[in-house]
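Asks: Got a structure for you, questions after.
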């Protein structure tokens, strides 16, 4: 667990400001997850493969490398990073 102490030159609680920033980051990241998940569904529909099956077959050299397939892999990796970010943001608590 990481703990962070913030000090401000201004009077008043920083907590509402920080909570708002975290909420906005969470909202933005969740929107990114939805967009990325839709792009993955588009690839899955086009190729009639789940992303999991595609990655398995790609790693076994069953596909010729193309820019579009690289984009599919990139979208999957982006989704993983966004999901990790949401998990970190949701795990933030304020110690009082």
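Numbering (the numbering used here), first residue to last: 432 to 527.
Heads up, the beta-carbon is just placed ideally off N, CA and C, and yes, glycines get one too.
1) Distance check for residue 486 and residue 514, CA to CA, integer angstroms please.
2) Tell me the rounded alpha-carbon separation between residue 442 and residue 459.
3) Can you check which of these residues, 432, 461, 495, 490, is closest to residue 516 by C-alpha distance?
4) Using only the alpha-carbon positions, how far apart do residue 504 and residue 488 sit?
5) Here's the rule: buried if 16 or more other CB atoms are within 10 angstroms of the residue's CB, otherwise exposed. What is residue 525?
6) Between residue 381 and residue 502, is the Cβ-Cβ spacing less than 9 Å?
7) Evaluate residue 467 with the Cβ neighbour count: other Cβ atoms within 10 Å of its Cβ, from every protein chain shown; 16 or more gives buried, anything less gives exposed.
8) Could you give the distance in angstroms between the alpha-carbon of residue 451 and the alpha-carbon of residue 457?
9) Quick one: using the 10 Å Cβ neighbour count with 16 as the cut-off for buried, is residue 506 buried or exposed?
10) Would you call the CB atoms of residue 509 and residue 463 closer than 9 Å?
Replies: So, from the data block:
1) 18 Å
2) 29 Å
3) 461
4) 12 Å
5) exposed
6) This structure leaves residue 381 out entirely; the chain is present only between 432 and 527.
7) buried
8) 10 Å
9) buried
10) yes
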